[in-house]
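*Asks:* Just passing along the structure, written as structure tokens.
In the working numbering, the protein residues as written are 2 to 452.
What follows is the structure, given as structure tokens:
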């Protein structure tokens, strides 16, 4: 079972509502790697959103047993209680032995607790945090894309040009059809052939580490044209058919719909703007939307100067993360579906501190689901609704992740002390059941200090 759409749809099931203990440590993986040589000019093309030098706001320091003891002595009484409880709960049988995690004070970065924090792990949809950071940093919150209709090679041919609007709707295509119909009638044209140009991205292929079973319900083959997020194998031709139906409804005959490329220098007849990237990021994180994630990753890669390929996405992520001093992530897609993605708990915490410290990136945190209330963390989905974890409802904002053998959770917690903590937990090697997810919710409640 994959992250994203499976996060959105996974029902509470029949698993026990009893939280079986322990806090899950986020196990995230390997050091940041580049898929190819990084051009200095490309890396310097955009500075971090704050305009400051590229650096993380401080990664938690590494220390040994003696350092751990000294660190614990510097904690508040509530923090020591939370750390001790996490030590106990992380060993719960339901979590297995493949758990990783880290908790720090949000303001100072002071480490409160950690477990296997430098072990590279699959993190499932936590990868969307990196995708969101990169999109806001490179594209900007106000960035939009424009789906167009251009004139074709003949007077009886028009071209629907996809530019990557992952939130394109039937209503928007209707507006596009209305404007196109007006132009055609002014030229005396009543029948046309519709070409669909999705050449902005290369022909779809699976990312490294993707399973064949992902298409089309976990994620559609990645194309720059999709309408109403239809779960179909060819989203571009599907959008072309929806557009053709809108044209017919307005009195224009359509002889055929097929894939093609707009002629060079073709005039634009009409266009519709997408919602701003901020809306994409908010929806992606709230719903754990894989289609939005993969489209955003490719558009960001293009803007940085890389191709809209899996290698281009890998290199873009590496470039942007390195600019902020975030190491410990090797990413092969934008959604976290890849079983080859690896991140460390330390890397995720550093990312969370980075977005918290920069105004332009803070929507990454504010868009996260509210525990027990919104998105993938609603009580209706069985999240934060048990006796151990319900006390944290409304006090935690976090991104959840799930693959068939991975459960993860990372975000911010408002503690009973009145401070904010940043946390990440990853459970690997255990079936992604509701029981495990509730156990991870209990770890978040432990960070809050209410359990």
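Glycine included, each C-beta is placed from N, C-alpha and C at the ideal position.
Quick one: complete alpha helix (DSSP H) runs, 4+ long, within the segment 216–264?
*Replies:* List check, alpha helix (DSSP H) in window: 236–250.
*Asks:* Report the start-end ranges of each alpha helix (DSSP H) in the segment 104–140 that is 4 residues or longer and not cut off at the edges.
*Replies:* Runs found: 128–139.
*Asks:* Just to confirm the assignment: which complete beta strand (DSSP E) runs, minimum length 3, are found wholly within the segment 350–413?
*Replies:* The qualifying runs are 397–404.
*Asks:* Looking at the unbroken beta strand (DSSP E) that takes in residue 293, where does it start and where does it end?
*Replies:* First-last for residue 293: 291–305, but that is the alpha helix (DSSP H), not the beta strand (DSSP E).
*Asks:* For the segment 151–205, which segments carrying the beta strand (DSSP E) assignment without a break, of at least 3 residues, lie completely within its bounds, in sequence order?
*Replies:* Counting whole runs of 3 or more residues, the segment 151–205 contains the beta strand (DSSP E) stretches 158–162 and 192–198.
*Asks:* Whether or not the segment 356–375 and the segment 233–242 are in contact is what I'm after, with contact meaning three or more pairs of Cβ atoms, one per stretch, closer than 8 angstroms; do they touch?
*Replies:* Output reads no: the segment 356–375 does not touch the segment 233–242.
*Asks:* Since residue 407 and residue 121 are thought to touch, with beta carbons under 8 angstroms apart, how far apart are those beta carbons, to the nearest angstrom?
*Replies:* Actually they do not touch by this definition, with Cβ atoms about 13 angstroms apart.
*Asks:* Can residue 132 and residue 318 be called in contact, C-beta distance under 9 angstroms?
*Replies:* Going by C-beta atoms, residue 132 is nearer than 9 angstroms to residue 318.
*Asks:* Take residue 264 as the anchor and find which of 198, 171 and 376 has the nearest alpha-carbon.
*Replies:* Selected option, being the one with the closest Cα: 198.
*Asks:* Determine the closest residue to residue 148 out of 100, 384 and 171, with distance taken between C-alpha atoms.
*Replies:* Nearest C-alpha to residue 148: 171.
*Asks:* Would you kindly check if the distance between the Cβ of residue 371 and the Cβ of residue 395 is under 9 angstroms?
*Replies:* For residue 395 and residue 371, yes; Cβs fall inside 9 angstroms.
*Asks:* Measuring CA to CA, which of 136, 78 and 376 is closest to residue 302?
*Replies:* Selected option, being the one with the closest Cα: 136.
*Asks:* Looking only at C-alpha atoms, which of 123, 81, 86 and 113 sits nearest to residue 100?
*Replies:* Looking at the Cα atoms, 123 is the closest of the given residues.
*Asks:* At which residues does the alpha helix (DSSP H) containing residue 146 begin and terminate?
*Replies:* That residue, residue 146, is in no alpha helix (DSSP H); it is neither H nor E in DSSP.
*Asks:* If you follow the alpha helix (DSSP H) that residue 442 is part of, which residue opens it and which one closes it?
*Replies:* Element bounds for residue 442: 435–449.
*Asks:* In the DSSP output, which residue or residues are listed as bridge partners for residue 330?
*Replies:* Answer is 344, bridged to residue 330.
*Asks:* I'd like to check one pair, residue 353 with residue 412: are the Cβ atoms closer than 9 angstroms?
*Replies:* Yes.
*Asks:* Which same chain residues end up closer than 7 angstroms to residue 368 when comparing Cβ atoms and leaving out the 5 residues on each side of it in sequence?
*Replies:* Once the five neighbours on either side are set aside, the close Cβ partners of residue 368 are 282, 283, 286 and 287.
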